[in-house]
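Position one of the sequence shown corresponds to residue 7 (my numbering), numbered consecutively onward.
Every residue, glycine too, gets a C-beta built ideally from N, C-alpha and C.
Keep in mind that this is a model prediction, so the values were computed, not measured.
Remarks on the structure that follows.
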Amino acid sequence: MPNKGERAASSGTAAKAANGAAGGPAAGAAESGGVKSARRAIELIEAFAATDAWLSPSDLHTGIGFPRSSLHGLLRTLLEAGWLELDQSSGRYRLGVRALICGTAYLDRDPVVPYATETLEKIRSETGCTTHFARRNGAEVVYLETREAKRSTHLVSRVGRTLPAHATALGKALLAELTQEEIDQLLPAKLPALTPRTLVSRADLHAECARIRESGYASEVEEGTSGVRCVAAVIPYRIPGTDALSCSMPAAEVTDAEAARIGEVLADATADLGRRLRRAGVR
7 MPNKGERAAS SGTAAKAANG AAGGPAAGAA ESGGVKSARR AIELIEAFAA
57 TDAWLSPSDL HTGIGFPRSS LHGLLRTLLE AGWLELDQSS GRYRLGVRAL
107 ICGTAYLDRD PVVPYATETL EKIRSETGCT THFARRNGAE VVYLETREAK
157 RSTHLVSRVG RTLPAHATAL GKALLAELTQ EEIDQLLPAK LPALTPRTLV
207 SRADLHAECA RIRESGYASE VEEGTSGVRC VAAVIPYRIP GTDALSCSMP
257 AAEVTDAEAA RIGEVLADAT ADLGRRLRRA GVR
């Protein structure tokens, strides 16, 4: 940033600065360049978040298509800010600790999380299942909290993981909050299959959403993860609902009757949680 002497060095420079501040060509060019750089930095961070691998500048140039000149500058800036880490021996990068710090801050500042965590622990104690709290983000669900069962052998989620909404009980419960037209507008033209049992037919998905609205909870068997069965219910404190809780369990060890019982436990627990959140003024 220029010091006071530099800003007052000449009336011509001052005039140009004033023109830019008033929305003239100089401001427009700076804003355009700044917005482009910010967008590219975000795309880079999301590219790293989407893979477990260390990525080289060449990988990123090929995968994203950024010019090499600006790519190196962005990588250097993100590295210096702690958003990336560099393996000096290979020249490859991965996400840095700053990403975790900012992600954790989101949870720390969300007023729903403490209430949801308390309910997750109660449900886990009552059912013996691994319990999850998730939020819909567009066509995906993002896991915000998990309480693992003591005897769990299937880790199906972790905080920050995203999955397609149509492929999970959590996601289907939240999709059922929307109209058929809203669901069609939201989801991609082709629904990806995570397992051979994932619902990829829109007609089947709409029929499933109708069933969920009748029963008050969603269920799926090995649609999101092989070997895992889940039930889920929406937390009714927003319209349409954005958050839901679920229980996951080994598919081979749970009968349909037991899954239905757990679904009813979830429906009651989320209804109570919704009332508590509304009373607390959380929206």
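query: Which of helix, strand or coil does DSSP assign to C135?; result: coil
query: Is V148 closer than 8 Å to L180 when the C-beta atoms are compared?; result: no
query: Nearest CA to the CA of K178: which residue from T201, E154, R217, D93?; result: R217
query: Okay, do the region 164-176 and the region 222-235 touch, 3+ Cβ pairs below 8 Å being the bar?; result: yes
query: At which residues does the beta strand (DSSP E) containing A213 begin and terminate?; result: A213 -> not in any beta strand (DSSP E); alpha helix (DSSP H) instead, spanning 208-221.
query: Kindly indicate which three-state DSSP category V165 falls into: helix, strand or coil?; result: coil
query: Roughly how many angstroms lie between the CA atoms of V288 and S62, to the nearest whole one?; result: 44 Å
query: Where do the ends of the beta strand (DSSP E) carrying P256 lie?; result: 249-256
query: Find out if the Cβ-Cβ distance for the pair E183, V118 is shorter than 8 Å.; result: no
query: Between R164 and the rest of its own chain, which residues show a CB-CB distance below 8 Å, the 5 nearest in sequence each way excluded?; result: Y149, T152
query: Say the cut is 7 Å; is the CB of C215 nearer than that to a heavy atom of the ligand NAD?; result: What this structure holds is no ligand at all, so the ligand NAD is not there to describe.
query: Work out the CA separation of L251 and F72 for me, nearest whole Å.; result: 40 Å
query: For S225, does the count of other Cβ atoms within 10 angstroms reach 16, so buried, or fall short, so exposed?; result: buried
query: With a CB to CB cut of under 7 Å and the five nearest residues on each side skipped, what residues in its chain are close to A273?; result: G222, Y223, A239
query: Just how far apart, CA to CA, sit T300 and S75?; result: There is no way to answer for residue 300, as the model of the chain reaches only from 7 to 289.
query: Look at R100 and L90 and say whether their C-beta atoms are less than 8 Å apart.; result: yes
query: Could you tell me the distance, in whole angstroms, from the CA atom of L84 to the CA atom of G280?; result: 40 Å
query: In angstroms, rounded to a whole number, what distance separates the CA positions of G79 and T68?; result: 17 Å
query: Which whole runs of the alpha helix (DSSP H) in the region 59-132 are 4 residues long or more, in chain order?; result: 63-70, 74-86, 103-114
query: Can the beta-carbon of R142 be found closer than 8 Å to that of A122?; result: no
query: With DSSP as the reference, label A27 as helix, strand or coil.; result: Here A27 scores only 37 on pLDDT, less than 50, and its place in the model should not be relied on; the value that follows carries that caveat. A27 falls in the helix class under three-state DSSP.
query: Here's the rule: buried if 16 or more other CB atoms are within 10 angstroms of the residue's CB, otherwise exposed. What is C135?; result: buried
query: Kindly indicate the opening and closing residues of the alpha helix (DSSP H) around R285.; result: 262-285
query: Name the one or two DSSP bridge partners that A224 has.; result: A238
query: Starting from E188 and walking both ways along the alpha helix (DSSP H), at which residues does that stretch end?; result: 186-192
query: Answer yes or no: do S96 and W60 have a C-beta to C-beta separation smaller than 8 Å?; result: yes
query: Going along the chain, which residues of its own chain have a beta-carbon closer than 7 Å to the beta-carbon of D262, five neighbours each way excluded?; result: none
query: Measuring straight from C-alpha to C-alpha, what distance separates V103 and G109?; result: 10 Å
query: Rounded to the nearest angstrom, how far is the Cβ of G144 from that of L192, given a contact under 8 Å?; result: 7 Å
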